[in-house]
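Single-structure report; data block below.
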Ligand code: ADP
């Protein structure tokens, strides 16, 4: 492996905040990005050599990425695995993770079936294609339960809790299209592990705890506030999951920790993930650097945690779509323990992910209370 200029180029399908943080991590490594995104001046465009404007599944756009880049990857699951496979074949530019892995993960039902077959612990689930089927399944599985769109859901969109038989029709109508239903997991905490697959080596980052409200990730805290045994088990499950994934890169693995200590898989993202943003300040190697090292076949970096770290997303807190202006920033910038990450989105709407803040502290609880205090002083209103 050599480093040279001009740098190794990674073509990335998607140019949102994940692409932006990939670009920030790439430059010291001698890796630069070429991103594709339908939105002109997307968040990653500022840190990329160039942006190709086009839909995530547009063949011509992805072919241009393939022709101009040394490696291809994606930061959004809306990339099209068939298009990626065709472009890989045509241009010879390797795609990581493999398009077949993306295809497996895109459909939550297929994903769960495959992982269950591989012996990974998952919540009880069933496919449901109609309200009548949902009713029949829940006679067995019982209430409450989680109904999920098989494809296209994110940040809680495409996920509905079904509390009682009276909710059946409305819940099914809200999902639109093929769905799966899952037992409602009575968890103590949600955990996440970033797994990484390099060239002949794998590794996992330390376990983080994720705090969701209304199915949207709000905060993370690392180390997770659970015992060492459970953290070990969670990393073990992540290692087993990596064996099912093909292709290099980082994988965001979302888990439930049940009251009895059992770890269950919620879902996998074949890319850097919000639950791993804390690694930028918290670990020797960030998930973004790790992803680029992996995709380009460089050796993986050390995943050890440097310090306890807490993170809060900066979500839109406005009623209607408007220009994005964040106020209260000076207090955040004056805090010595805090790092601010702004994603560069022009407009804010309610609950849109606009940025995040991270604090490091010897004590994880202190890190969390500090990050919360600063976040509460920031607003788009
Ligand atoms: P998305 O793809 O929108 O992130 P997820 O399937 O990860 O959807 O669900 C989002 C959140 O909903 C989870 O982080 C968790 O808080 C809650 N959730 C999902 N599935 C279950 C379940 N089976 N039991 C309890 N809570 C769940």
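In this note's numbering, the protein residues as written are 13 to 393.
The C-beta atom is built at its ideal place from N, Cα and C for all residues, glycine as well.
All figures in this text were calculated on a predicted structure; none of them were measured in a lab.
* To do: Hey, could you find the ends of the beta strand (DSSP E) residue 233 is sitting in?
  => Against the chain shown, residue 233 aligns to sequence position 221. Run containing residue 233: 228–234, per the beta strand (DSSP E) assignment.
* Asked: How many Å lie between residue 85 and residue 264 at the Cα?
  -> Translated into positions along the chain shown, residue 85 becomes position 73. Translated into positions along the chain shown, residue 264 becomes position 252. Approximately 15 Å, taken between the alpha carbons.
* Asked: Are there 16 or more other CB atoms within 10 angstroms of the CB of residue 287, so buried, or fewer, so exposed?
  -> On the chain shown, residue 287 is found 275 positions in, with the first residue counted as 1. Within a 10 Å sphere around the beta-carbon of residue 287 sit 16 or more other beta-carbons, which makes this residue buried.
* Within this structure, are the beta carbons of residue 186 and residue 266 separated by less than 8 Å? -> Working through the chain shown from its first residue, we reach residue 186 at position 174. Working through the chain shown from its first residue, we reach residue 266 at position 254. Taking 8 Å as the Cβ cut-off, residue 186 and residue 266 do not qualify as a contacting pair.
* Asked: When DSSP labels each residue in this structure, what does residue 257 get in the three-state scheme?
  -> Position 245 of the chain shown, counted from the first residue, corresponds to residue 257. If DSSP states are grouped into helix, strand and coil, residue 257 belongs with coil.
* Is there at least one non-hydrogen atom of ligand 1 closer than 7 Å to the beta-carbon of residue 270? -> The residue given as residue 270 occupies position 258 in the chain shown. It does not: the Cβ of residue 270 is nowhere closer than 7 Å to a heavy atom of ligand 1.
* Do residue 163 and residue 149 come within 8 Å of each other at the CB atom, strictly closer than that value? -> Here residue 149 corresponds to residue number 137 of the chain shown, with the count starting at 1. Here residue 163 corresponds to residue number 151 of the chain shown, with the count starting at 1. Not closer than 8 Å, so no.
* Rounded to a whole number of angstroms, what is the C-alpha to C-alpha distance between residue 130 and residue 117? -> Locating residue 130 in the chain shown gives position 118, counting from the first residue. Locating residue 117 in the chain shown gives position 105, counting from the first residue. About 14 Å.
* With DSSP run on the structure shown, which of helix, strand or coil describes residue 285? -> Within the chain shown, numbered from 1, the residue matching residue 285 stands at position 273. It is coil, neither helix nor strand.
* **Nearest-angstrom Cα separation, counted from residue 23 out to residue 80** => Against the chain shown, residue 80 aligns to sequence position 68. Against the chain shown, residue 23 aligns to sequence position 11. Rounded to the nearest angstrom, the two C-alpha atoms are 8 Å apart.
* Asked: Cβ of residue 195 within 8 Å of Cβ of residue 157?
  -> Numbered from 1 along the chain shown, position 183 holds the residue referred to as residue 195. Numbered from 1 along the chain shown, position 145 holds the residue referred to as residue 157. It is a contact, given that the beta carbons lie within the stated cut-off.
* Is it the case that the Cβ atoms of residue 344 and residue 390 are separated by a distance below 8 Å? -> In the chain shown, the residue the question calls residue 344 occupies position 332. In the chain shown, the residue the question calls residue 390 occupies position 378. At the C-beta level, residue 344 and residue 390 come within 8 Å of one another.
* Asked: How big is the Cα-Cα spacing for residue 393 and residue 65?
  -> For the purposes of this step, residue 393 is identified with residue 381 of the chain shown, where counting begins at 1. For the purposes of this step, residue 65 is identified with residue 53 of the chain shown, where counting begins at 1. Distance between the alpha carbons of residue 393 and residue 65 is about 31 Å.
* Asked: Where does residue 336 sit, in a helix, a strand or coil, going by DSSP?
  -> On the chain shown, position 324 is the one that residue 336 refers to. If DSSP states are grouped into helix, strand and coil, residue 336 belongs with coil.
* Determine the direct distance from the alpha carbon of residue 353 to that of residue 54, and round the result to whole angstroms. => Along the chain shown, one-based indexing puts residue 54 at 42. Along the chain shown, one-based indexing puts residue 353 at 341. Taking the CA atoms as reference points, residue 54 sits about 16 Å from residue 353.
* **ligand 1 heavy atom lying under 7 Å from the CB of residue 109** => Taking the chain shown and counting its residues from 1, the one referred to as residue 109 is at position 97. No - ligand 1 has no heavy atom lying nearer than 7 Å to the Cβ of residue 109.
* According to DSSP, what are the bridge partners of residue 166? -> Stepping through the chain shown from its first residue, residue 166 is reached at position 154. Beta-bridge analysis with DSSP links residue 166 to 169.
* To do: Pull up the distance between the alpha-carbon of residue 173 and that of residue 244, whole angstroms please.
  => Here residue 173 refers to the residue found at position 161 when the chain shown is read from its first residue. Here residue 244 refers to the residue found at position 232 when the chain shown is read from its first residue. Taking C-alpha positions only, residue 173 is separated from residue 244 by approximately 30 Å.
* To do: Grab the span of the alpha helix (DSSP H) containing residue 383 for me, first residue to last.
  => If you number the chain shown from 1, residue 383 lands on position 371. Secondary structure note for residue 383: its alpha helix (DSSP H) is the uninterrupted segment 376–388.
* Asked: With contact counted as at least three CB pairs below 8 Å, one residue from each stretch, are the region 356–366 and the region 326–343 in contact?
  -> The answer is yes - the region 326–343 touches the region 356–366, with three or more Cβ pairs under 8 Å.
* Asked: Starting from residue 369 and walking both ways along the alpha helix (DSSP H), at which residues does that stretch end?
  -> Your numbering for residue 369 matches position 357 in the chain shown. According to the DSSP assignment, residue 369 belongs to no alpha helix (DSSP H) but to the beta strand (DSSP E) extending over 365–372.
* Can we say the region 317–331 touches the region 300–308, given the rule of at least three CB pairs closer than 8 Å? -> Cβ pair count under 8 Å is below three, so no.
* To do: From the DSSP output, in three-state form, read off residue 158 for me.
  => For this step, residue 158 is matched to residue 146 along the chain shown. In the structure shown, residue 158 sits in a strand (DSSP, three-state: E or B).
* Asked: Any idea what DSSP makes of residue 128, helix, strand or coil?
  -> For the purposes of this step, residue 128 is identified with residue 116 of the chain shown, where counting begins at 1. When secondary structure is reduced to three states using DSSP, residue 128 falls in the helix class.
* Residues near residue 376 in its chain [Cβ-Cβ closer than 8 Å; skip 5 each side] -> To locate residue 376, count along the chain shown from 1; it is residue 364. Answer for residue 376: 233, 234, 235, 237, 320, 321 and 322, listed in chain order.
* To do: Could you tell me if the beta carbon of residue 134 falls within a distance shorter than 7 Å of some heavy atom in ligand 1?
  => Residue numbering aside, residue 134 sits at position 122 when the chain shown is read from its first letter. Not so, every heavy atom of ligand 1 lies at least 7 Å from the Cβ.
* Asked: Anyone know if the C-beta pair for residue 409 and residue 38 falls short of 8 Å?
  -> An answer regarding residue 409 cannot be provided, because it is not within the stretch 13 to 393 covered by the chain.
* **Residue of 330, 126, 217 and 284 minimising C-alpha distance to residue 250** => By one-based count along the chain shown, residue 250 stands at place 238. Measuring from the Cα of residue 250, the nearest candidate turns out to be 217.
* How should residue 298 be labelled, buried or exposed, when 16 other C-beta atoms within 10 angstroms of its C-beta is the threshold for buried? -> On the chain shown, position 286 is the one that residue 298 refers to. In this structure residue 298 is buried. Its beta-carbon is surrounded by 16 or more other beta-carbon atoms within 10 angstroms.
* Could you pull out every residue in the same chain whose Cβ sits closer than 8 Å to the Cβ of residue 230, ignoring the five residues on either side in sequence? => Here residue 230 corresponds to residue number 218 of the chain shown, with the count starting at 1. So the list reads 223, 224, 324, 325 and 327, once near-sequence residues are dropped.
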